[in-house]
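Numbering (the working numbering), first residue to last: 130 to 245.
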């Protein structure tokens, strides 16, 4: 059964090519918003907290600070509204899911940049 589902996902789900990113990276996601008949592009820039799932059901969570309030957004990788993803900074973290990042504020909430 799993092989059938995987085959259908590979054949019929259109995949977009995005740059590689992982937890700790700072990225900007440009996505399309429809308001009635009009469409506009909006962006969401923040730190990737996790990537979860595989194939068509893969998602990633981004966290940013809006003033003093933390805002998180979950994006499916295959969301048709996503136009592009830009990697602004590669962060150096030791975990794949950095949920501890939610409790950090100020200078403690900085992530060291990975040298490439």
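From the three backbone atoms N, C-alpha and C, an ideal C-beta is built for every residue, glycine too.
Source: prediction; values computed, not measured.
Counting C-beta atoms within 10 angstroms of its own C-beta, residue 220 has 16 or more neighbours from the protein chains shown and is therefore classed as buried. Within the same chain, 184 and 185 come within 7 Å of residue 138 by CB-CB distance, once the 5 residues on both sides are set aside. In its chain, beyond the 5 residues on either side, 159 have a beta carbon closer than 6 Å to the beta carbon of residue 213.
In the structure shown, the three-state DSSP call for residue 235 is helix. Assigned with DSSP and collapsed to three states, residue 184 falls in helix.
For residue 131, the uninterrupted alpha helix (DSSP H) segment begins and ends at 131-141. The beta carbon of residue 148 sits closer than 8 Å to the beta carbons of 214, 215 and 216 from its chain, once the five residues preceding and following it are set aside; these are given in chain order. Bounds of the beta strand (DSSP E) holding residue 205 are 198-205. When the Cα atoms are used, residue 226 and residue 155 turn out to be separated by approximately 14 Å. Distances from the alpha-carbon of residue 175 to those of 202, 146 and 133 put 202 closest.
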